[in-house]
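Trainee: Encoded as structure tokens, here's the structure I'll be asking about.
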Amino acid sequence: MPEMPEVEIIRRYLDQQLTGHRIMNLEILLPRQIKWPTPEGYRAMAIGRAVEHVKRRGKYLLMELDNGNELVFHLRMTGRLVYEPEGQSHDSYARLLFQLDDGSLLVYGDTRTLGAVYALPPGERWRLHGLSEMGPEPLSADFTPDYLLEAVSKRRTPIKTLLLNQNVIGGIGNIYADESLFLAGIHPLRSAMSLSATECQRLFTAINRVIAAGIEDGGTTFRDYQNGEGKQGHHQDHLMVYNRKGELCRNCGTPIEKITVGGRGTHFCPHCQEAVQ
DNA sequence: CTAAGTACCTGTCCGC
DNA sequence: TGCGGACAGGTACTTA
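Numbering (this note's numbering), first residue to last: 99 to 375.
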């Protein structure tokens, strides 16, 4: 469900609420959500530890503990992390309950149970290839027009598919990929290597603008996404193409089209996004 | 190596 | 109204 902006919104709130608090107990309602180590090993690594920081890398949330261990969460499609000051879960799909030292509760909920939860000792991030091999993320110093140009130049895959490849760029998901390509005026089926330097520069700017706007608006909520307070985002009110099939382009009035690219639903304006070359 | 297909799950929506 | 199939903010694994 959440892409980088949504995870960042969750991170900011949890960092504020959890920092300095100690995990007193952990109730594991669905053991298979814990991918590493075993559920028992996970409990041993988490219980009794205080949270020092909540960080993020791409779509991963990283809770750094006072013994150097990290609790890692990837929410995939329907995962959510909600902080409950009153200590009461309101999630009918709660999978993990972290009881904190002040009686509050951190609830990991996940309808489709596709999310992945890990606990890592220091230096063990290599176990998570999705994390250790992730490319630079939008709005970071490593993500530059030159980097994008280089990444694009080697690949024949559709540009939309490349944007979703986390090893190339970390954090972009289906919504923000479609929105970025619209803003850059590039058709999602264009071969990555066919982009000119100018188009690459436009795409670079578009990605950063779209991701920043998503964060400013508190994320995008269609169905499942909620922030650390259990509230919705607002960016769905500002989308140009995503989930707007048949509706009129806000720029030119042409109906938005939906196709499949790399197995993912893909929305674009056939007028504003130039044809495939 | 890249690419495509499949698997993991449950809920919702659309068309018949 | 009821049913079946397609589809959903994602990634990892297998096969070609």
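Quick reminder that beta carbons are idealized off the backbone N, C-alpha and C, glycines included.
Return the Cβ separation of A217 and L169 in integer angstroms, given the expectation that the two are a contact with Cβ distance under 8 Å.
Mentor: 5 Å
Trainee: Whole alpha helix (DSSP H) runs in the region 287-321 with 4 or more residues, listed along the chain?
Mentor: 295-314
Trainee: Tell me whether K57 sits in a helix, a strand or coil according to DSSP, three-state version.
Mentor: This structure leaves residue 57 out entirely; the chain is present only between 99 and 375.
Trainee: Give a yes or no on whether the C-beta atoms belonging to V308 and L281 are separated by under 7 Å.
Mentor: yes
Trainee: Quick check on the burial criterion: 16 or more other C-beta atoms within 10 angstroms. Buried or exposed for C347?
Mentor: buried
Trainee: Three or more C-beta pairs closer than 8 Å, one from the region 288-305 and one from the region 320-335: is that the case here?
Mentor: no
Trainee: Taking the alpha-carbon positions, what's the P353 to R147 distance?
Mentor: 54 Å
Trainee: What's the C-alpha gap between Q114 and E327?
Mentor: 11 Å
Trainee: Might you give, ordered along the chain, the residues of its own chain that have their beta carbon closer than 6 Å to the beta carbon of R110, omitting 5 neighbours on each side?
Mentor: none
Trainee: Once DSSP output is grouped into helix, strand and coil, what is the label at H365?
Mentor: strand
Trainee: Would V105 and R154 be called neighbours here (beta carbons separated by less than 7 Å)?
Mentor: R154 sits close to V105, with the two beta carbons spaced by under 7 Å.
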